[in-house]
């Protein structure tokens, strides 16, 4: 691995084409995520709970958006539907122009691999792999050449200030470092949309601040489109826009 790369080299290594001496172009305003009249109902007959009620909103390319709400408001259900973990009862969800509500199981698996990056509250990185191997795993599965994998992992690790953790296993690093490894894993495949579910929920204030600054960098420098579910107003303050959900409505 190389010792250091510049921000421009880091961006280029992640697959963005940048001509020497030119400015990095601003994100276009094309829609990456569109929810249209989404509803989710649990139960049947006399015992029905409407978790989502006629939800409609868009997230454009390059946006960093928070979904805020109290416990039980429906924000996690909404994230599960967007990620295709759960199915909607009515309405449509479009990600990168694809109506995911009409996809079958095999198509959904491919969709998640190609279009989404995930960051969970507990990081969900694999204990038996080093940080480097965790970040590189998706690229390895896709058959990306080892040299390109090394360049891309090194670049994003430099950007997220986790270079020193790459050879370490999860038990050897802090919670904040684990979350930044998870962030690197989420962005490494250049997904259309990164979904973050309460990513600071298990972190102390210092680690949370560092992670949120990392998210801001991913959005500002790499034009990553991020949708973050949170109940924390401090975390939401780092985003560019907040959508509030209450009793299944926005």
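In the numbering used here, the protein residues as written are -18 to 231. Yeah, the Cβ is synthetic: ideal placement off N, Cα and C, and Gly gets one too.
### Task
Pull up the CB-CB distance for residue 226 and residue 177, whole angstroms please, since I reckon it's below 8 Å.
One-based indexing of the chain shown puts residue 226 at position 245. One-based indexing of the chain shown puts residue 177 at position 196. In this structure residue 226 is not in contact with residue 177, their Cβ atoms being roughly 16 Å apart against a cut-off of 8 Å.
### Query
Beta-carbon separation of residue 221 and residue 20 under 8 Å?
As a working mapping, residue 221 is identified with position 240 in the chain shown. As a working mapping, residue 20 is identified with position 39 in the chain shown. No, the Cβ-Cβ distance between residue 221 and residue 20 is not below 8 Å.
### Message
From the DSSP secondary-structure annotation, give me the bridge partner or partners of residue 75.
### Response
Numbered from its first residue, the chain shown carries residue 75 at position 94. 15, 80, per the DSSP bridge assignment.
### Query
Under 8 Å between the Cβ atoms of residue 104 and residue 167?
As a first step, residue 104 must be located in the chain shown, where it is residue number 123. As a first step, residue 167 must be located in the chain shown, where it is residue number 186. Cβ atoms of residue 104 and residue 167: not closer than 8 Å.
### Whole-Å CB distance - residue 46 paired with residue 173, under 8 Å assumed
The sequence position of residue 46 within the chain shown is 65, counting from 1. The sequence position of residue 173 within the chain shown is 192, counting from 1. Cβ-Cβ separation between residue 46 and residue 173: approximately 14 Å, too far for a contact (criterion under 8 Å).
### Query
Do the segment 51 to 67 and the segment 81 to 98 touch if we need at least three Cβ pairs shorter than 8 Å?
Contact between the segment 51 to 67 and the segment 81 to 98 is present, because at least three Cβ pairs lie under 8 Å.
### Message
Judging by CA-CA distance, which residue of 79, 203, 229, 144 is the nearest neighbour of residue 13?
### Response
As a working mapping, residue 13 is identified with position 32 in the chain shown. Cα-wise, what sits closest to residue 13 is 79.
### Message
Please state the DSSP three-state secondary structure of residue 66.
### Response
Walking along the chain shown from the start, residue 66 turns up at place 85. In the three-state DSSP reduction, residue 66 falls in the coil class, being neither helix nor strand.
### Query
Is residue 137 closer than 8 Å to residue 106 when the C-beta atoms are compared?
Looking up residue 106 in the chain shown gives position 125. Looking up residue 137 in the chain shown gives position 156. In this structure, residue 137 does not lie closer than 8 Å to residue 106 by Cβ.
### Message
Rounded to the nearest angstrom, what separates residue 135 and residue 185 at their Cα positions?
### Response
By one-based count along the chain shown, residue 135 stands at place 154. By one-based count along the chain shown, residue 185 stands at place 204. When rounded, the separation of the alpha-carbon atoms in residue 135 and residue 185 is 27 Å.
### Message
Taking a contact to mean a Cβ-Cβ separation below 8 Å, would you say residue 59 touches residue 33 in this structure?
### Response
Numbered from its first residue, the chain shown carries residue 59 at position 78. Numbered from its first residue, the chain shown carries residue 33 at position 52. Contact: yes.
### Task
Spell out the partners DSSP gives residue 48 in its beta bridges.
For the purposes of this step, residue 48 is identified with residue 67 of the chain shown, where counting begins at 1. According to DSSP, residue 48 bridges with 210, 224.
### Closest residue to residue 49 among 229, 228, 223 (Cα-Cα distance)
Taking the chain shown and counting its residues from 1, one reaches residue 49 at position 68. Measuring from the Cα of residue 49, the nearest candidate turns out to be 223.
### Query
When DSSP labels each residue in this structure, what does residue 55 get in the three-state scheme?
Counted from its first residue, the chain shown places residue 55 at position 74. Three-state DSSP puts residue 55 in coil, outside helix and strand.
### Query
What does a CB cutoff of less than 6 Å around residue 230 pick up in its chain, not counting 5 residues either side in sequence?
What you label residue 230 is simply residue 249 of the chain shown in a count that begins at 1. For residue 230, where only same-chain residues beyond five positions count, the Cβ hits under 6 Å are 34.
### Backbone CA spacing between residue 153 and residue 144 [nearest angstrom]
One-based indexing of the chain shown puts residue 153 at position 172. One-based indexing of the chain shown puts residue 144 at position 163. Going from the Cα of residue 153 to the Cα of residue 144 covers about 14 Å.
#### Entry: Terminal residues of the alpha helix (DSSP H) in which residue 197 lies
As a first step, residue 197 must be located in the chain shown, where it is residue number 216. Judged by DSSP secondary structure, residue 197 falls within the alpha helix (DSSP H) whose first and last residues are 186 to 203.
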